[in-house]
Amino acid sequence: MFFLHNLERRVTLHPSYFGRNMHELVTTKLVKDVEGTCAGDYYIIAIMDTFDVSEGRILPGSGLAEFTVGYRAVVWRPFKGEVVDAIAYSVNPHGMFAQAGPLRLFVSSHLMPDEIQYDANATPPQFTNNADMVIEPGTHVRVKIIGMRTEVGEMWAIGSINGDFLGCLQA
Amino acid sequence: MSKTIRLGTRLRYPITIVKLLKAPGETVQKQERLLQYSFKWTKEVGDTIRGETWEEEQTTIADWDSPADGELRQWNIKEGDLIEQDQACLVIKEACSHEIQFQGLCAICGKDMTEVNWATDSRDTERAPISMVHDQTNLTVSQVHAQRTEHELQRRLLLQRKLSLVVDLDQTIIHACIDPTVGEWQRDPSNPNHESVKDVKSFQLEDGPRGVARGCWYYIKMRPGLEGFLKRISTMYELHVYTMGTRAYAREVARVVDPNQRLFGNRVISRDENGNMYAKSLQRLFPVNTNMVLIIDDRADVWPRNRHNLIKVSPYDFFKGIGDINSSFLPPRTDTLPSETAVTTTNGLSTTITPTPTIPTAAASAAAVGEPVSALDDLVSMSGGEDAAITQLQIEEQARTLERQINERPLQALQEKLDKEDEEAEKSTTPSEDGEDTPSSPSPHPRHQVLLDDDHELSYLEQHLTELHRIYYEEYDRKRALHRSSTTVDLAAVPDVGQCLELLKSRALRGVKVVLSGLIPIGVDLQRSEIGQQVTSFGAELRNNITKDVTHLVVSALRPRTKKVRQAARIPSIKIVNKDWLEECFSQWAIADEEPYLFEVHPDDRPGGRTALAEGERERLSDVDEDEGPPRLRLVSASGDTRELNEDEDEDDESESEDDLIPDFEDGETSPIDGLKSFNWNSADEELNEFLAGDSDDSDDVMDSDDGDEELTAGSGTSSGGSRKRKLGEDDDEDEDEEEEAESELDVALDEPSSRPEQENGSVKRLKRTTSRGKSSLRNQFISGDGEVDTDSLPTPLGTGDEEEDAAASKALEGGLQPPPPAASQQSSVGGDSVFDEIDEAELEADFMAEFAAADAPASVTVVGKEDGGKSREKG
């Protein structure tokens, strides 16, 4: 689910950047540092604006200036039970891997409808119900998240396509 | 999925079950209370201060929590039971057995497997330990699930009548290099190599090496006939790629070889997913059963666990002198048969290309040409837990190798060399047949080409694989008929393809008896060496020595004149061939025609030759040996009597006589003492003398640091060094006189006048001599006290700073700052006993000297005194 979230971060600036447009530089650096990262259990998708750039403080010893920046960002926090659209990128007999933006999902063959079977002879190997459903690398799938785990800077999820309106996206 | 749960070993047995809190049919959760039990224990009560304590028995009631989720099926215990030890207590039907896990998540129920709690003994992540997916390592499955998956695979393969074939990339089906010369040759139709390289494919890697090699082009040469080979083979085999290159590299190469992904599909595994830095393992892909899997690889040593399934192919070496660009990730090659040409060219290279002085680079260059790398060797042998560090090292090493290839352009260098040779050949108007890397065929080009596309391995390989497939399914059908199973697929009848392979191979060279010469390094066990194993696996018999029933002698071109060659040359039935013949046999799986590989025996080594005659008189193969059990050589001396040992300086014979004693050692290389015949003994003597002199200087050093007095004159130092040597040698039971001789010789070699007194004492007992050291040095002091200091005439030992100070101090002493040496020594011998105990450094030496006190008491006193004298003087 997407949220608009107020966040704060300390940004350091090298002395060679000290000058009139310092605050712009701080913002640029913030965007570069933060956008697209995983902060614990959510991803920071995009920074909307910075609303509060503090005065710079010189760090003793290094000469870098430290700014505390308050900013507003669009974050995505996947929840258990959430339905996301993803793209399959690898298929093997145990299931398929898919990627929903930055989030990696695994959908095990246990969590697929019974009629969808692994076909190793196809090129490339795929999951198919021998009708309209064909899941191979590159296929768009709609997946329900049933389990999540986070580590520093990374998240993984287990998905399921066993349910109504889940699975291959015809488009 | 029912799971039987035990009470666990951590309880205080015996316990009594007090109450069961859950009934069968109820759902239980992890860490939920399931039963209560009581146990008895003793407690010390009373007054510990006054010592009035006694033990009292206590009874405690405790809870037992469920280690698993699910539905309680049944209790194996009932209330009131007395339980003596750990036993199964209940059965739970688990909702999920967590058989497939992805990054610590159960892929079936989505629960986090990394959570731990007090109720369970084992972690849930351990339930799925096996990683068996090609392109991911973070997906793991349980043993049961792995088995199920594999059975499914086998069933499918049997239905299609296929087998699995794991294919290596580098030097097996392709050869890759990044030498930019290839690209230039490709664009230049006038180049003699244009024809060879025009079908070379190339690609760039996005996440390729950094530094100089960044964004470089990889040139991929497919083995001749590869396309057809794979196409036909893929009807009988399901193909997998298993490479030690990176994932990106593997993907690109697979794209070159198999653009439509029809052959390999997604069955590509690379170093990134391998999980092991040095070895490949079939168990990574087929964890349960490898009965239907074959491997083709150019290196046998990287498959330590799966030799059984391996078909070793001869390495494809198209870009000469490049080797395997991913070889820095593997232990250095030990198996080869490095092709003669490769050796000569790479040797030529390493001489033309000056290796950078840093050692790692040299190591990297060695890796590039496939020679053993000591640094990496060490890493391999100590491969502990620091895999990351090693990976880093390997990556760096590969980067260096690649950089070198780009900067130095070995191919261009080769071509230039070849051109130069051509020019010379033209000058002398004789065709160049001098054994350079290209057999100079009359080519339409005026220049010779480095790259030749003359490899036939794949056609043989295809035959073998087809044959194997046929044998395998014949065997399967036979077994299935025995079982009379009604189903289409009978997993129980699956034969082991490894056995079929062995069977087929062992027929190949049956009846051939091979002796190897100059191919196996000394110290390597013949039977366990790579070549040895291969020879035996093809059904040939490997012999240590030449006998009359030997059929082939395989000779290394680098060592053409060994003992064995001379012996074999005398027996017409033995075909002397070079090792290309062996390679040809290995790839044909049949006895190859020897004609093109016959070895040109040096004329002197022929039966009529000079050397052969001279030695032939003494070494003659006795006919009796053939009937005896182990074939053995005996030496018959010129006079006719048979001897086991020939004491004269003919080293060859000596090595031969040792053969019986050390069979393993003997066969390895040509005799290590082959070169001794032409050896200059005089120069060796000189060298030895020099070394001994240097040694005495070293011990002089030691003495200097021990007692600062000693180097007042260099002469005393030297002589004392000599005596120290003798002291060390005292433990040996060597003949004394002999040692004396050596000693005197040493002194002469030193040309040191002050050592004369020693020499005069030559016949005195060693002990005496040792203890007389003090005296003699004293005497020397007297002599040099006159002002003549001859330190400079000696080869000066490399001294430490201290020593220099000492020397300076002693010089200063002689300059007259202190009383002259005689006085000093007298003074010291007087004051010796009084300061004896205070001096730590002297104690060691004193202990040492104490041994001799018994033998010559006055002398030892002198020594100690002198010692202390030095110290006391330092104080003064």
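Chains as they are written, first to last, in our numbering: chain A, 112 to 282; chain B, 1149 to 2024.
A virtual CB, placed ideally from N, CA and C, is assigned to each residue, including glycine.
Query raised in the report: Nearest chain B C-beta to A/GLY274 closer than 8 Å, yes or no?
Result: no
Report task. Run down chain B in chain order and give the residues with a C-beta less than 9 Å from the C-beta of A/GLY206. Result -> In chain order: ILE1248, PHE1250, ALA1255 and LEU1287.
Report task. For B/TYR1390, name the three-state secondary structure that DSSP assigns. Result -> In the three-state reduction of the DSSP assignment, B/TYR1390 falls in the strand class.
Query raised in the report: Would a C-beta distance cut-off of 8 Å place B/HIS1299 and B/ALA1276 closer than the cut-off?
Result: Not closer than 8 Å, so no.
Query raised in the report: Below 8 Å between beta carbons: does that hold for B/ILE1679 and B/LEU1657?
Result: no
Query - Outcome for B/ASP1833 when other beta-carbon atoms lying within 10 angstroms are tallied against a minimum of 16 - result: exposed
Report task. Note down, in chain order, all residues in the region 221–250 of chain A with a beta-carbon under 9 Å from any beta-carbon belonging to chain B. Result -> Within the region 221–250 of chain A, the residues whose Cβ lies closer than 9 Å to some Cβ of chain B are HIS221, LEU222, TYR229, ALA231, ASN232, ALA233, THR234, PRO235, PRO236 and PRO248, listed in chain order.
Requested in this report: List the whole-angstrom C-beta distance separating B/MET1392 from B/ARG1419, where the pair is believed to meet the contact cut-off of C-beta under 8 Å.
Outcome: 5 Å
Query - Distance between beta carbons of B/ARG1154 and B/CYS1237, contact taken as under 8 Å - result: 7 Å
Query raised in the report: Which value, in whole angstroms, describes the spacing of the CA atoms of A/VAL137 and A/TYR154?
Result: 21 Å
Query - Rounded Cβ spacing between A/THR161 and A/GLY147 (contact assumed at less than 8 Å) - result: Incorrect: roughly 17 Å between the Cβ atoms, too far for contact.
Requested in this report: Give the secondary structure of B/PHE1377 by DSSP, where H, G and I count as helix, E and B as strand, and everything else as coil.
Outcome: Looking at B/PHE1377 - three-state DSSP - the assignment turns out to be helix.
Query raised in the report: Residues in its own chain within less than 6 Å of B/PHE1434 by CB, not counting five upstream and five downstream?
Result: VAL1441
Report task. Sort out for me which residues DSSP pairs B/TRP1365 with in a bridge. Result -> Note: B/TRP1365 is bridge-paired with B/GLN1352 in the DSSP secondary-structure output.
Query raised in the report: Do you know offhand how far B/GLU1615's Cα is from B/CYS1648's?
Result: Straight across, the Cα-Cα distance linking B/GLU1615 with B/CYS1648 is about 10 Å.
Requested in this report: Quick one: measure Cβ to Cβ for B/ALA1221 and B/LYS1241, integer angstroms, because I've assumed they're closer than 8 Å.
Outcome: Rather than Ala, the amino acid found at residue 1221 of chain B in this sequence is Arg. Yes, they are in contact, since the Cβ atoms of B/ARG1221 and B/LYS1241 sit about 5 Å apart, within 8 Å.
Query raised in the report: If you measure from the beta carbon of B/GLU1410 to each beta carbon in chain A, is any gap under 8 Å?
Result: The displayed chain sequence assigns Arg, not Glu, to residue 1410 of chain B. Judged by the 8 Å Cβ criterion, B/ARG1410 is in contact with chain A.
Query - Residues near B/TRP1186 by beta carbon distance below 8 Å, same chain, minus five either side - result: In the sequence as displayed, the identity of residue 1186 of chain B is Ser instead of Trp. Closer than 8 Å at the Cβ level, and outside the excluded window around B/SER1186, lie ILE1163, THR1164, VAL1166, THR1207, THR1208, ILE1209 and ALA1210.
Query - Status (buried if at least 16 other CB within 10 Å, exposed otherwise) for B/THR1329 - result: buried
Query raised in the report: For A/ARG121, is the classification buried or exposed, using 16 other Cβ atoms within 10 angstroms of its Cβ as the cut-off for buried?
Result: exposed
Report task. Using a threshold of 8 Å, state whether the C-beta atoms of B/ARG1104 and B/ALA1641 are closer than that. Result -> Residue 1104 of chain B is absent from the structure shown; chain B starts at 1149 and stops at 2024.
Query raised in the report: Just the Cα atoms here: how many angstroms apart are B/ASN1692 and B/GLU1731?
Result: 20 Å
Query - Given 8 Å, three or more beta-carbon pairs between the region 187–207 of chain A and the region 126–143 of chain A - result: no
Query raised in the report: Near B/THR1152, what residues of its chain come up, given a Cβ to Cβ distance below 7 Å and the 5 sequence neighbours on each side ignored?
Result: ALA1236 and VAL1239
Query - B/ILE1470 burial status per 10 Å Cβ neighbour count (16 or more: buried) - result: buried
Query raised in the report: I think B/LYS1653 touches B/TRP1737, with their Cβ atoms under 8 Å apart; what is that distance to the nearest whole Å?
Result: 7 Å
Report task. List the residues of chain B whose Cβ lies closer than 8 Å to the Cβ of A/ARG260, in chain order. Result -> GLN1251, GLY1252, LEU1253, ASP1260 and THR1262
Query raised in the report: Using the rule of at least 16 other Cβ atoms within 10 Å of the residue's Cβ for burial, across every protein chain shown, is B/ALA1862 buried or exposed?
Result: Confidence in B/ALA1862 is poor, its pLDDT being 43 and thus under 50, which makes the residue's placement too unreliable to answer from.
Query raised in the report: When the cut-off is 8 Å and only beta carbons count, does A/ILE269 lie next to chain B?
Result: yes
**Report entry** Burial state of B/GLU1232, where buried means 16 or more other Cβ atoms lie within 10 Å
**Finding:** It counts as exposed.
Query raised in the report: For B/ASP1420 and chain A, any beta-carbon pair shorter than 8 Å?
Result: no
**Report entry** Bridge partner(s) assigned by DSSP for A/ILE155
**Finding:** Per DSSP, A/VAL186.
Report task. For chain A, find out if any of its Cβ atoms is closer than 8 Å to the Cβ of B/ASN1265; answer yes or no. Result -> no
Requested in this report: Out of B/GLY1258, B/THR1262 and B/LEU1305, state which residue places its alpha-carbon closest to the alpha-carbon of A/GLY258.
Outcome: B/GLY1258
Query raised in the report: How should B/GLU1274 be labelled, buried or exposed, when 16 other C-beta atoms within 10 angstroms of its C-beta is the threshold for buried?
Result: exposed
Query raised in the report: B/LEU1230 bridges to which residues according to DSSP?
Result: Beta-bridge pairing links B/LEU1230 to B/THR1164.
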